[in-house]
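Chains as they are written, first to last, in my numbering: chain A, 2 to 372; chain B, 757 to 855.
Beta carbons: idealized from backbone N, C-alpha and C, even for Gly.
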């Protein structure tokens with residue numbers, strides 16, 4: 002029996018939403034870790050019952066939780082994220098240099114083939130790895146040598162929020178940092194290269210074509226076409242067909258090209274989704290209408306998807322890690338809002354229904370397809 | 757004599773304890789020695805009250821005992837006799853912050 006498990010991180014706890022393949026009736030479990038900010042909850046592709054969760058608090062710091070039974074029970078694992086060697090400094094909001102300080106884990110990305118191996122993207126931006134199921138974490142320090150002194154926090158902090166693993170080329174990973182830019186490794190993190198050619202940040206950087214410092218909000222990739230990347234930048238929706246060597250804009254006829262998440266259809270590598278947001282100053286949908294935009298042409302031509310979504314008086318935001326897809330025959334698309342709704346579409350975005358309406362602000366949504 | 761420690765709600769949940777914690781503390785009873793004993797008993801609390809590396813108190817954690825705020829006292833300073841003798845608890849408190 003196929004089914005779906007939607008892992009939702011919110012400002013006040015984590016929720017596990019489950020349904021069968023029809024995705025009509027949902028069981029809502031939670032809040033887990035009630036009262037804590039849950040930046041990310043994710044499942045292992047190699048063992049769907051192995052989950053990891055980033056639990057964080059301004060008072061008590063970082064905790065990482067692990068489940069071996071699909072989220073029914075949890076146990077804390079190691080929460081020590083120590084930068085390798087002398088951490089050094091990065092650029093601060095006022096342009097001065099500021100010491101690297103660990104604040105929280107933004108993303109937990111389990112390996113594609115080993116449930117005990119997980120990559121963690123953290124704030125202040127760095128990449129960590131565990132190979133023992135979270136019992137210990139160590140930094141992949143080469144990333145911060147790619148002009149890390151020029152990375153500068155965005156309004157939400159200097160967070161490493163996107164980690165994409167290439168199933169066809171073990172050792173290749175793509176990551177993104179707000180506001181450090183996008184980077185690629187071909188050797189499992191021993192060396193990294195900035196992916197910035199073609200990115201243009203006219204209003205955010207003194208050198209609009211700088212090698213690092215772009216405010217990349219999210220990157221998405223289809224596993225069958227890992228050389229093709231889609232990016233929602235602060236402004237601009239971008240595309241690369243050479244694994245990030247060069248980028249070109251595909252914003253096309255979007256009503257605004259500002260936004261946070263971007264996702265790729267599970268079975269159609271040229272079908273992509275964004276949620277346009279009015280501007281960097283007004284983080285809500287244009288005209289108060291919540292519209293997901295879909296392109297079936299890999300960008301430039303976009304269609305609004307509105308069926309089941311509020312089309313007036315809607316002023317929520319959708320954060321960068323809060324949209325995901327399932328891989329059932331009819332691709333499901335999911336996103337969570339800062340207003341606490343989690344919307345689901347079981348038909349590639351044509352129709353939407355809220356799974357839940359009144360959760361705390363949603364920070365992250367990830368999806369497991371259970372077959 | 758066991759030293760009594762009260763933890764804030766979220767840390768009680770994390771440590772999976774209810775009510776106060778009673779700890780055997782080796783040597784002079786100070787904030788540092790009590791936290792050493794607390795973290796040895798409940799390793800999941802490491803990093804949640806003080807930093808892993810520097811052992812500095814986290815910004816929004818306070819230490820109260822016998823009606824006094826001891827947060828800014830040296831962590832090696834002897835705690836009041838009433839705490840050392842188990843008559844009063846050392847309170848680990850989440851500071852008022854936010855809204």
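Requested in this report: Let me know the beta strand (DSSP E) ranges lying completely inside the segment 24-86 of chain A, each 3 residues or longer, listed in chain order.
Outcome: Here the runs fully enclosed are 28-33, 38-44, 52-58, 62-68 and 76-78.
**Report entry** Where the beta strand (DSSP E) through residue 21/A begins and ends
**Finding:** Looking at the DSSP string, the run of the beta strand (DSSP E) that includes residue 21/A is 14-21.
Query raised in the report: By the 10 Å Cβ neighbour count, where 16 or more other Cβ atoms means buried, how is residue 46/A classified, buried or exposed?
Result: Buried is the label assigned to residue 46/A, since at least 16 other Cβ atoms lie within 10 Å of its Cβ.
Requested in this report: Spell out whether any CB of chain A is found under 7 Å from the CB atom of residue 823/B.
Outcome: Closer than 7 Å to the CB of residue 823/B there is not a single CB belonging to chain A.
Query raised in the report: Is residue 758/B near residue 778/B, with beta carbons less than 7 Å apart?
Result: Taking C-beta atoms as the reference points, residue 758/B and residue 778/B count as a pair closer than 7 Å.
Query raised in the report: Per DSSP, what kind of secondary structure is residue 766/B in: helix, strand or coil?
Result: Residue state, collapsed to three classes: helix.
Requested in this report: Taking residue 81/A as the query, report the chain B residues whose CB atoms sit under 9 Å from its CB, ordered along the chain.
Outcome: For a Cβ distance threshold of 9 Å, residue set 802, 803, 808 and 809 of chain B lies close to residue 81/A, ordered along the chain.
Query raised in the report: Per DSSP, residue 817/B forms a beta bridge with which residues?
Result: 850/B.
Query raised in the report: Would you call residue 274/A buried or exposed, if buried means 16 or more other Cβ atoms sit within 10 Å of its Cβ?
Result: Within 10 angstroms of the beta-carbon of residue 274/A lie 16 or more other beta-carbons, which makes it buried.
Query raised in the report: Closer than 7 Å, CB to CB, is residue 77/A near chain B or not?
Result: Yes, because at least one Cβ of chain B sits closer than 7 Å to the Cβ of residue 77/A.
**Report entry** Per-residue burial, residue 126/A [other beta carbons within 10 Å of its own, 16 or more giving buried]
**Finding:** Classification of residue 126/A: buried, given that the 10 Å Cβ count is 16 or more.
**Report entry** Neighbouring residues, chain A, relative to residue 853/B (Cβ below 8 Å)
**Finding:** Going along chain A in sequence order, the residues near residue 853/B (Cβ under 8 Å) are 59 and 60.
Requested in this report: Please state whether DSSP places residue 100/A in a helix, a strand or coil.
Outcome: In the displayed model, residue 100/A falls within a strand according to three-state DSSP.
Query raised in the report: What are the start and end residues of the alpha helix (DSSP H) that includes residue 241/A?
Result: No alpha helix (DSSP H) contains residue 241/A, which is instead part of the beta strand (DSSP E) from 238-241.
Query raised in the report: What did DSSP end up calling residue 339/A once you bin it into helix, strand or coil?
Result: Here residue 339/A sits in coil by DSSP.
Report task. Quick one: measure Cβ to Cβ for residue 850/B and residue 816/B, integer angstroms, because I've assumed they're closer than 8 Å. Result -> With a Cβ gap of about 6 Å, residue 850/B and residue 816/B count as contacting.
Query raised in the report: For residue 181/A, which three-state DSSP category applies?
Result: Coil at residue 181/A, not helix or strand.
Query raised in the report: Where does the unbroken beta strand (DSSP E) through residue 156/A begin, and where does it stop?
Result: Bounds of any beta strand (DSSP E) do not take in residue 156/A, whose DSSP letter is neither H nor E.
**Report entry** Interface partners of residue 814/B on chain A, CB under 8 Å
**Finding:** Here the neighbours are 60, 61 and 62.
Query raised in the report: Can the beta-carbon of residue 760/B be found less than 7 Å from the beta-carbon of residue 845/B?
Result: Their beta carbons are under 7 Å apart, which means residue 760/B touches residue 845/B by this criterion.
Report task. Measure the alpha-carbon distance for residue 190/A versus residue 141/A and round it to whole angstroms. Result -> Answer to the nearest angstrom: the Cα atoms are 6 Å apart.
Report task. Count the other C-beta atoms from every protein chain shown that fall within 10 angstroms of the C-beta of residue 38/A, then say buried if there are 16 or more, exposed otherwise. Result -> Around the beta carbon of residue 38/A, 16 or more other beta carbons sit within 10 angstroms, so the residue counts as buried.
Query - For residue 795/B, the three-state DSSP class (helix, strand or coil) - result: Residue 795/B falls in the helix class under three-state DSSP.
Requested in this report: Would you mind listing the beta strand (DSSP E) stretches within the segment 167-214 of chain A that are 3+ residues and don't spill past its ends, in chain order?
Outcome: Along the length of the segment 167-214 of chain A, whole beta strand (DSSP E) runs at least 3 residues long occupy 174-179 and 182-186, reported in chain order.
Query raised in the report: Is it right to say residue 302/A is buried, meaning 16 or more other beta carbons lie within 10 angstroms of its own, or is it exposed?
Result: A residue is called buried once 16 or more other Cβ atoms fall within 10 Å of its Cβ, and residue 302/A, having fewer, is exposed.
Requested in this report: Determine whether the Cβ of residue 850/B lies closer than 7 Å to any Cβ atom of chain A.
Outcome: Contact of residue 850/B with chain A is assigned, a C-beta pair being separated by under 7 Å.
Query raised in the report: Where residue 209/A and residue 246/A are concerned, what is the direct C-alpha to C-alpha distance, given to the nearest angstrom?
Result: So the alpha carbons of these two residues sit roughly 17 Å apart.
Query raised in the report: Which stretch, first to last residue, makes up the alpha helix (DSSP H) that contains residue 838/B?
Result: The continuous alpha helix (DSSP H) containing residue 838/B extends over residues 837-840.
Requested in this report: Quick one: list the residues of chain A neighbouring residue 767/B, beta-carbon separation under 8 Å, in chain order.
Outcome: Residues of chain A passing the Cβ test: 61.
Query raised in the report: Can you tell me where the beta strand (DSSP E) with residue 147/A in it begins and where it stops?
Result: For residue 147/A, there is no enclosing beta strand (DSSP E), as DSSP marks it with neither H nor E.
Query raised in the report: Which chain B residues are close to residue 37/A, counting only those with a beta carbon under 8 Å from its beta carbon?
Result: For a Cβ distance threshold of 8 Å, residue set 766 of chain B lies close to residue 37/A, ordered along the chain.
Query raised in the report: Can you give the Cα-Cα distance for residue 24/A and residue 352/A, rounded to whole angstroms?
Result: Between residue 24/A and residue 352/A, the C-alpha separation is close to 12 Å.
Query raised in the report: According to a CB-to-CB cut-off of less than 9 Å, which residues of the segment 769-787 of chain B neighbour chain A?
Result: Taken in chain order, the members of the segment 769-787 of chain B whose beta-carbon sits within less than 9 Å of a beta-carbon on chain A are 769 and 770.
Query raised in the report: Using 8 Å as the threshold, is the segment 114-123 of chain A in touch with the segment 89-102 of chain A, meaning 3 or more CB pairs across them?
Result: With contact defined as three or more Cβ pairs closer than 8 Å, the segment 114-123 of chain A and the segment 89-102 of chain A are not in contact.
Requested in this report: Determine the contact status of residue 333/A and residue 363/A, defining contact as a CB-CB distance below 7 Å.
Outcome: At the C-beta level, residue 333/A and residue 363/A stay beyond 7 Å of one another.
Report task. With DSSP collapsed to three states, give me the class of residue 296/A. Result -> Residue 296/A falls in the strand class under three-state DSSP.
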